[in-house]
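Following: one structure in structure tokens, then a few remarks.
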Amino acid sequence: DAMVIQNPRYQVTQFGKPVTLSCSQTLNHNVMYWYQQKSSQAPKLLFHYYDKDFNNEADTPDNFQSRRPNTSFCFLDIRSPGLGDAAMYLCATSRAGANTGELFFGEGSRLTVL
Amino acid sequence: GQNIDQPTEMTATEGAIVQINCTYQTSGFNGLFWYQQHAGEAPTFLSYNVLDGLEEKGRFSSFLSRSKGYSYLLLKELQMKDSASYLCAVRGGATNKLIFGTGTLLAVQP
Chain A
229 DAMVIQNPRY QVTQFGKPVT LSCSQTLNHN VMYWYQQKSS QAPKLLFHYY
279 DKDFNNEADT PDNFQSRRPN TSFCFLDIRS PGLGDAAMYL CATSRAGANT
329 GELFFGEGSR LTVL
Chain B
1049 GQNIDQPTEM TATEGAIVQI NCTYQTSGFN GLFWYQQHAG EAPTFLSYNV
1099 LDGLEEKGRF SSFLSRSKGY SYLLLKELQM KDSASYLCAV RGGATNKLIF
1149 GTGTLLAVQP
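Here it is, written out as structure tokens:
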């Protein structure tokens, strides 16, 4: 059974039209992450939540926002997508204090911007 | 800051052994991970090393030398399904976050 679920798997939007990607988890992990991965590049951390504490990476554009209404759900909002925002967006979770701190990934949401 | 280097591409033959190297620089090292990622899919966890030495898990093994900032992933008895990108990732730095390398795209040929 899938433990980290992302919706939608594929999202097509127009330039400048807001998009929301969702992530839910059944692992009860307290840390949730959003990564952006462009073709043939490394996943790039955008931000993460440690419980309700939001941690933004210094180079994450203001165009990207996130919400975590409860432990199970996390959302990525892209307020005005540009062509350069086309990418795979990966949600991941981990349990703080766990032996390995392994990240569990969802299957990703692939965003296309027309 | 953190920096991770690994080869961009490798090719190997079905049934053979391949070693994928990773070198890294980081402060406050707190573990090295290997992930496998098939095209268009999410990364899946393969291995974790935090102490020096070899960790073996079936056909996959991972080695770490902290003093050298070096790790490798060893894949034995290669199968066609092992064709994928292999991501080296390091946890460390001031914020203890997990940073990924760009990945090594492995092509397994018959």
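Line order of the protein sequences matches chains A and B.
When we follow our numbering, the leftmost residue of the first sequence carries the number 229, and every step to the right adds one.
When we follow our numbering, the leftmost residue of the second sequence carries the number 1049, and every step to the right adds one.
Where is the CB? At the ideal position from N, CA and C, for every residue including glycine.
> Is it right to say B/M1128 is buried, meaning 16 or more other beta carbons lie within 10 angstroms of its own, or is it exposed?
Replying inline: Numbered from 1 along the second sequence, position 80 holds the residue referred to as residue 1128 of chain B. Taking a 10 Å sphere around the C-beta of B/M1128, we find fewer than 16 other C-beta atoms and assign the residue as exposed.
> How long is the line joining the alpha carbons of A/D305 and A/R323, rounded to whole angstroms?
Replying inline: For the purposes of this step, residue 305 of chain A is identified with residue 77 of the first sequence, where counting begins at 1. For the purposes of this step, residue 323 of chain A is identified with residue 95 of the first sequence, where counting begins at 1. A/D305 and A/R323 have their C-alpha atoms spaced approximately 24 Å apart.
> Is any beta-carbon of chain A found at less than 8 Å from that of B/A1090?
Replying inline: Against the second sequence, residue 1090 of chain B aligns to sequence position 42. So, interface residue.
> Could you give the residue range of the beta strand (DSSP E) that holds B/A1060?
Replying inline: Translated into the one-based positions of the second sequence, residue 1060 of chain B becomes position 12. DSSP places B/A1060 in the uninterrupted beta strand (DSSP E) bounded by 1057–1061.
> Which ranges does the beta strand (DSSP E) cover as unbroken runs of at least 3 residues, wholly within the segment 1085–1158 of chain B, from first to last along the chain?
Replying inline: Entirely contained in the segment 1085–1158 of chain B, the beta strand (DSSP E) runs reaching 3 residues are, in chain order, 1092–1097, 1101–1105, 1108–1113, 1118–1123, 1132–1140, 1145–1148, 1152–1157.
> Expressed to the nearest angstrom, what Euclidean distance is found between the alpha-carbon atoms of A/N258 and A/H276?
Replying inline: Residue 258 of chain A sits at position 30 when you count from the first residue of the first sequence. Residue 276 of chain A sits at position 48 when you count from the first residue of the first sequence. About 10 Å.
>> For a cutoff of 8 Å on Cβ pairs, would you count A/A314 as touching chain B?
In response: Translated into the one-based positions of the first sequence, residue 314 of chain A becomes position 86. Answer no: the Cβ-Cβ gap between A/A314 and chain B never drops below 8 Å.
> Ends of the beta strand (DSSP E) at A/Q264?
Replying inline: On the first sequence, residue 264 of chain A is found 36 positions in, with the first residue counted as 1. Looking at the DSSP string, the run of the beta strand (DSSP E) that includes A/Q264 is 259–265.
> Nearest to B/N1069 by CA position, among B/T1056, B/F1077, B/E1062, is which residue?
Replying inline: Residue numbering aside, residue 1069 of chain B sits at position 21 when the second sequence is read from its first letter. Checked all of B/T1056, B/F1077, B/E1062; the closest Cα to B/N1069 is B/T1056.
> Using the C-alpha atoms, what's the distance from B/G1063 back to A/R295?
Replying inline: In the first sequence, the residue the question calls residue 295 of chain A occupies position 67. In the second sequence, the residue the question calls residue 1063 of chain B occupies position 15. So the two alpha carbons sit approximately 47 Å from each other.
> When you check each C-beta in the segment 255–280 of chain A against every C-beta of chain B, which residues fall closer than 9 Å?
Replying inline: Taking 9 Å as the Cβ-Cβ cut-off against chain B, the residues of the segment 255–280 of chain A that qualify are Y261, Y263, Q265, S268, Q269, A270, P271, K272, L273, H276.
> At a Cβ threshold of 8 Å, is A/F333 touching chain B?
Replying inline: Taking the first sequence and counting its residues from 1, the one referred to as residue 333 of chain A is at position 105. Interface residue (Cβ-Cβ distance to chain B less than 8 Å): A/F333 is classified as such.
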